[in-house]
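Please read the structure below before turning to the comments.
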Amino acid sequence: MPSRGLSTRLEQRNMKTLVAAIHGIMTRQTNPSWPDRLDAWFAARSPGMRVLKKEYSAGPWPRWNCAVKNPRLALGLVNEIRLMLDAPGGAEPAPSVWIVAHSNGALVALSAARRLARAGHPVSGLILIGAACAADVRRNGVLGAVISGDLGMAIAYCSKEDGALPRRGDRGWLSRLYDLLAWPYGSLGRSGWMLDNRPLPLRLSPVLRGRILTRWFQGGHSGYFAPDQIEFTFRQIARDIGTDHTQNQQP
2 MPSRGLSTRL EQRNMKTLVA AIHGIMTRQT NPSWPDRLDA WFAARSPGMR VLKKEYSAGP
62 WPRWNCAVKN PRLALGLVNE IRLMLDAPGG AEPAPSVWIV AHSNGALVAL SAARRLARAG
122 HPVSGLILIG AACAADVRRN GVLGAVISGD LGMAIAYCSK EDGALPRRGD RGWLSRLYDL
182 LAWPYGSLGR SGWMLDNRPL PLRLSPVLRG RILTRWFQGG HSGYFAPDQI EFTFRQIARD
242 IGTDHTQNQQ P
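Number 252 marks the last residue of the sequence shown (our numbering); no jumps.
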C-alpha cells in the first residue's frame with residue numbers, strides 16, 4: 002500500500018483539472034458547506050478532478066471584506082494553487098485551473114485569477130454564482146482578461162430573484178439605503194454580465210463568443226445549493242468545466 006506522500010504525488014500526476022471552490026459569507030464552519038459537497042460529488046464521478054476548498058469565516062461587512070479580508074484570501078488561494086502547479090513531479094501537462102465561487106467569494110476569485118495570470122498561470126475559467134461583484138465586464142476586468150488570454154471563460158450563474166444583492170437603479174429609498182450599506186458589493190448575481198451598463202450582447206465578436214456567458218436559475222441568492230437544486234447546479238458546473246460550453250445559455 003503506497004504511503005500518503007506517494008499517494009499525494011500520484012494524485013497530482015493524474016490530476017487533469019484543479020477546481021478551487023470558494024463559498025460566501027455567513028457559512029457555518031461545523032456543517033458541510035457546498036464546497037465540501039462539491040468535493041465529494043466530483044470524487045465519486047471524476048477521478049482526474051481535484052477540488053481545493055478555500056474555507057474561511059466572514060460576516061456581513063462589505064467594506065472590511067473587500068478592502069482587507071478578500072485580498073488576503075486571494076493571496077492565500079494563489080499560493081496554494083501554485084504549490085500544486087509548480088511542484089516537482091506534478092502533472093504533465095499542467096492541469097487546467099477553474100475557480101468556482103459564490104457571493105463574496107466571487108471577489109476573491111477575480112483577485113486570485115489576476116494574481117495567477119501575473120504569475121504566469123492563466124485560469125481556464127471562472128464560474129461565479131450569485132456573485133457580489135461588479136457586473137460590467139469592462140469594469141471588473143473580465144473583458145480584458147478574456148481578450149488577452151489570461152482567462153479562458155467567465156460564466157455567471159444568476160437569479161432575478163436574488164434579494165441579497167444590491168438592486169442598482171431602484172429609486173425607492175429603502176433600496177438606496179441598502180445599496181449604501183452593501184457598497185462596494187456589486188450585483189452580477191442579479192443582473193448577469195453587463196457591458197457599459199447594458200446587458201451583454203448575445204452576438205459578441207468571434208474572439209469572445211461562447212467565452213462570457215450568463216446562465217439563469219430560479220431560487221434567489223442561495224437557491225443554487227438548496228436540497229432540490231444542488232444536484233442540478235453541480236451537473237451544470239461539471240458541464241461547463243467539461244465539453245459543450247454554450248448549452249443552456251438564456252438571454
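All residues carry an ideal CB built from backbone N, CA and C; glycine is no exception.
Bear in mind the structure is a predicted one, so any value in this text is a computation, not a measurement.
Buried or exposed: which applies to residue i, given that a residue is buried once 16 or more other Cβ atoms fall within 10 Å of its Cβ?
{"i": "residue 63", "result": "buried"}
{"i": "residue 182", "result": "exposed"}
{"i": "residue 129", "result": "buried"}
{"i": "residue 11", "result": "Confidence is the limiting factor: at residue 11 the pLDDT is only 39, short of 50, which leaves the residue's position unreliable, though a coordinate-based value still follows. Label assigned to residue 11: exposed."}
{"i": "residue 294", "result": "In the structure displayed, the chain extends from 2 to 252; residue 294 sits before or after that span and is not available."}
{"i": "residue 161", "result": "exposed"}
{"i": "residue 19", "result": "buried"}
{"i": "residue 197", "result": "exposed"}
{"i": "residue 138", "result": "buried"}
{"i": "residue 163", "result": "buried"}
{"i": "residue 101", "result": "buried"}
{"i": "residue 84", "result": "exposed"}
{"i": "residue 98", "result": "buried"}
{"i": "residue 42", "result": "buried"}
{"i": "residue 112", "result": "buried"}
{"i": "residue 201", "result": "buried"}
{"i": "residue 96", "result": "buried"}
{"i": "residue 87", "result": "exposed"}
{"i": "residue 104", "result": "buried"}
{"i": "residue 241", "result": "buried"}
{"i": "residue 195", "result": "buried"}
{"i": "residue 109", "result": "buried"}
{"i": "residue 27", "result": "exposed"}
{"i": "residue 21", "result": "buried"}
In three-state terms, what does DSSP make of residue i?
{"i": "residue 148", "result": "helix"}
{"i": "residue 166", "result": "coil"}
{"i": "residue 125", "result": "strand"}
{"i": "residue 157", "result": "strand"}
{"i": "residue 97", "result": "strand"}
{"i": "residue 116", "result": "helix"}
{"i": "residue 139", "result": "coil"}
So if DSSP puts residue i in a beta bridge, which residue, or which two residues, is it bridged to?
{"i": "residue 102", "result": "23 and 129"}
task: Could you pull out every unbroken alpha helix (DSSP H) segment of at least 4 residues lying fully inside the region 168-246, listed in chain order?
output: Counting whole runs of 4 or more residues, the region 168-246 contains the alpha helix (DSSP H) stretches 174-183, 189-192 and 231-242.
At least 3 beta-carbon pairs within less than 8 Å: the region 23-42 vs the region 225-243: Yes, since at least three Cβ pairs between the region 23-42 and the region 225-243 fall closer than 8 Å, the two stretches touch.
- prompt: Which runs of the beta strand (DSSP E) fall wholly inside the region 9-93 and span at least 3 residues, in chain order?
  reply: For secondary structure counted as the beta strand (DSSP E) over 3 or more consecutive residues, the region 9-93 holds these complete runs in sequence order: 18-23 and 50-55.
field: Contact between the region 37-48 and the region 67-83 (3+ Cβ pairs under 8 Å)
entry: No, the region 37-48 does not touch the region 67-83.
- prompt: Just checking, does the region 117-128 make contact with the region 185-193 on the three C-beta pairs under 8 Å criterion?
  reply: The region 117-128 is not in contact with the region 185-193.
- request: Decide yes or no for the touch test of the region 141-157 against the region 219-226: beta carbon pairs closer than 8 Å, at least 3 of them.
  value: Short answer: they don't touch.
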